[in-house]
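Let me begin by presenting the structure, written as structure tokens, before commenting on it.
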Amino acid sequence: MTAHMDRIAVRAGQPLSGTIRVAGATKNSGLKLMAAALLAPGKSVLRNVPPVADLDVMIEVMRAIGAPTEWTGPDELTIDASGELTPEAPYELVSKMRASINVLGPLLARCGEARVAMPGGDNIGSRKLDMHFRGLEQMGVEIEVRHGFIEARHNALGGARVVLEFPSVGATENLLTAAVLAKGRTVIENAAREPEITDLSDTLTRMGADITGAGTSTIEIEGVRDLVAVESEIMGDRIEAGTFLMACGIAGGDITLEGIRIEHLEMVVLKLEEMGMRVSPTPDGLWARSEGRLRSVDIATLPFPGFATDYMPLVVALLATCEGTAIVTENVFDSRFSFLDELNRMGADIRNEGRHAVIRGRARLSGAPVRALDVRAGAALVLAGLAADGETIVHEPHHVYRGYVDLVGKLRSVGADVRYLPD
Ligand code: UD1
Numbered sequence: 024m025t026a027h028m029d030r031i032a033v034r035a036g037q038p039l040s041g042t043i044r045v046a047g048a049t050k051n052s053g054l055k056l057m058a059a060a061l062l063a064p065g066k067s068v069l070r071n072v073p074p075v076a077d078l079d080v081m082i083e084v085m086r087a088i089g090a091p092t093e094w095t096g097p098d099e100l101t102i103d104a105s106g107e108l109t110p111e112a113p114y115e116l117v118s119k120m121r122a123s124i125n126v127l128g129p130l131l132a133r134c135g136e137a138r139v140a141m142p143g144g145d146n147i148g149s150r151k152l153d154m155h156f157r158g159l160e161q162m163g164v165e166i167e168v169r170h171g172f173i174e175a176r177h178n179a180l181g182g183a184r185v186v187l188e189f190p191s192v193g194a195t196e197n198l199l200t201a202a203v204l205a206k207g208r209t210v211i212e213n214a215a216r217e218p219e220i221t222d223l224s225d226t227l228t229r230m231g232a233d234i235t236g237a238g239t240s241t242i243e244i245e246g247v248r249d250l251v252a253v254e255s256e257i258m259g260d261r262i263e264a265g266t267f268l269m270a271c272g273i274a275g276g277d278i279t280l281e282g283i284r285i286e287h288l289e290m291v292v293l294k295l296e297e298m299g300m301r302v303s304p305t306p307d308g309l310w311a312r313s314e315g316r317l318r319s320v321d322i323a324t325l326p327f328p329g330f331a332t333d334y335m336p337l338v339v340a341l342l343a344t345c346e347g348t349a350i351v352t353e354n355v356f357d358s359r360f361s362f363l364d365e366l367n368r369m370g371a372d373i374r375n376e377g378r379h380a381v382i383r384g385r386a387r388l389s390g391a392p393v394r395a396l397d398v399r400a401g402a403a404l405v406l407a408g409l410a411a412d413g414e415t416i417v418h419e420p421h422h423v424y425r426g427y428v429d430l431v432g433k434l435r436s437v438g439a440d441v442r443y444l445p446d
């Protein structure tokens, strides 16, 4: 982050209009493909990887492990995992970004052992690793957590039938990336079905893995002896796309999003249509129009293909400006509602009862100084500012930069009154 990006200032203005190219899903897909590159002794190339802040941390993790990772073009990374790896991910890095836990599966598969600091990441409720551990143990891994580190090793990684208690994205990814080089067949039941899992599985398959069922609840993996490095292009970021859709819902107008697959946003589109927005597919993405005030609808977050939890803060910002009352239920994370206080500081009328938020829509919010608490909550405050009188100043926007490259510039490009402010 540079000094001139220390705060974000937003004002309500004209309806949005124009086209936005959606970035690659660096945070939710690219980081996982980087970890998977550790499986193949060779040079892997990843394209369509915009440099969000979390990526810098992952590049450091890869370097610490002995897989030099360099920018080899705009939005293109080359990871060299040809040499011998040091299967250790240090605390200073892992504590900054939870997705570093994704190196656990690949390191166990390639090196037979791994020592990974217990992760940090967004402050959105307790995020346990018990399903990762239980699944890996069933595959023959011994795991101990000592002095803040996960210490894992095995003599032989073997296929197993693993039933996940909940379709965890991270657990599915770690088990998948361990199983591709295990001896025998692994079956993951109640696997996560998110598009990012399919993206990972497609890349692993091109590396030589034998996987069926990715994108469904049952993934079957027949272990192979080795994998080769490949070139991949990562999928468009469905959460970034959803962010612009909600922005259009709040500010009104019509926008076209390129570089995204509408089927990845199916539930969001259904809900926005129910609220009164018009959305239709285009050859490379979608087009959306919002006129007048939208209607409130109830929303419950669920694993894919349900309404993703990462859209929740964004849709709450939209509902805060809709006509009527909505109940939003968060089913994926324990405590993801701390940001409601910030929205209420902007004049929103939201009450939180356990896993539910009751949102009474207001035609106009009131610009205020507010604080970004995590990446999506921070983006939600920027969006809320598009329907607020006066100026909204979002402090601590570095949380936003963890998952978005130039959210401000992209919103400006469709006519929003948003800018960076120096301290
Ligand atoms: C990923 C995404 C995150 C998204 C989430 C759910 C990345 C970098 N992050 O996070 O943006 O919000 O999927 O779509 O891709 N759980 C356990 N035990 C476990 C694992 C998970 O109890 O072993 C719980 C978590 O505490 C949470 C829920 O399961 O309540 C979902 O977690 P999970 O799907 O694993 O999310 P992440 O992979 O961490």
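Counting in the numbering used here, the sequence shown runs from 24 upward without gaps. Even for Gly, the Cβ is constructed at its ideal location relative to N, Cα and C. Here the structure is a predicted model, which means the values were calculated and not measured.
Do residue i and residue j have their C-beta atoms closer together than 8 Å?
i	j	result
Ile102	Thr109	no
Ile278	Phe267	yes
Ile283	Gly308	yes
Ser105	Gly163	no
Glu165	Val185	no
Val428	Ile31	no
Phe172	Val126	no
Glu245	Arg208	yes
Glu219	Val45	no
Gly128	Leu56	no
Pro38	Gly275	yes
Val203	Val247	yes
Thr332	Arg359	yes
Ala311	Cys271	yes
Glu346	Arg316	yes
Ala132	Leu78	no
Gly426	Lys119	no
Leu223	Ala60	no
How many angstroms separate the CA atom of residue i from the CA atom of residue j?
i	j	result
Glu286	Arg169	43 Å
Asp29	Asp397	15 Å
Gly193	Tyr443	33 Å
Thr415	Thr352	27 Å
Thr324	His379	11 Å
Val84	Pro420	23 Å
Asp260	Gly47	5 Å
Met154	Asn178	21 Å
Glu196	Arg387	42 Å
Met326	Ser191	The question names Met, yet the displayed sequence has Pro at residue 326. Cα to Cα, Pro326 sits roughly 8 Å from Ser191.
Leu293	Arg368	30 Å
Met269	Ala183	42 Å
Glu115	Ile124	13 Å
Arg121	Ala402	19 Å
Val417	Leu100	31 Å
Thr221	Gly238	5 Å
Pro445	Ser240	47 Å
Pro306	Arg176	47 Å
Phe330	Leu130	32 Å
Gly370	Gly413	12 Å
Val431	Leu152	34 Å
Phe156	Glu314	49 Å
Ile350	Asp372	12 Å
Trp94	Leu54	14 Å
Pro73	Glu254	16 Å
Glu188	Val355	13 Å
Which residues in the same chain have their Cβ closer than 7 Å to the Cβ of residue i, if we skip the five residues on either side of it in sequence?
i	result
Glu107	Gly89
Glu289	Pro328
Gly265	Leu288, Val291, Tyr334 and Leu337
Leu409	Val33, Ala35, Ala270, Ile273, Ala274 and Ala439
Ile82	Thr92
I believe residue i touches residue j by the beta-carbon criterion, under 8 Å. Please report the beta-carbon distance rounded to the nearest angstrom.
i	j	result
Thr226	Leu62	The Cβ separation is near 10 Å, so there is no contact.
Gly438	Ala411	17 Å between Cβ atoms; not a contact.
Leu406	Ala340	5 Å
Ala87	Pro113	6 Å
Glu167	Glu174	5 Å
Give every residue of the same chain whose Cβ lies closer than 6 Å to the Cβ of residue i, excluding the five residues on either side of it in the sequence, and list them in chain order.
i	result
Glu243	Val210, Thr235 and Gly236
Met141	Gly171
Pro392	Ile416
Glu263	Val45 and Ala46
Ala400	Pro336 and Phe362
Keeping to the same chain, check which residues put their C-beta closer than 8 Å to that of residue i; ignore five residues upstream and five downstream.
i	result
Thr348	Ser319, Val381, Ile382, Arg383 and Gly384
Ile43	Phe267, Ile278, Thr279, Leu280, Glu281, Lys433, Ser436 and Val437
Any C-beta of chain B sitting closer than 8 Å to the C-beta of residue i?
i	result
Gly272	Note that chain B does not occur in the displayed structure, where there is just one protein chain.
Using 7 Å as the cut-off, classify the Cβ of residue i as near or not near the heavy atoms of the ligand FMN, replying yes or no.
i	result
Phe356	Ligands in the displayed structure: the ligand UD1; the ligand FMN is not one of them.
Query raised in the report: Does the region 233-241 come within contact of the region 64-78, defined as at least 3 CB pairs closer than 8 Å?
Result: no
Query raised in the report: Can you find at least 3 beta carbon pairs, one from the region 330-349 and one from the region 310-320, that sit closer than 8 Å?
Result: yes
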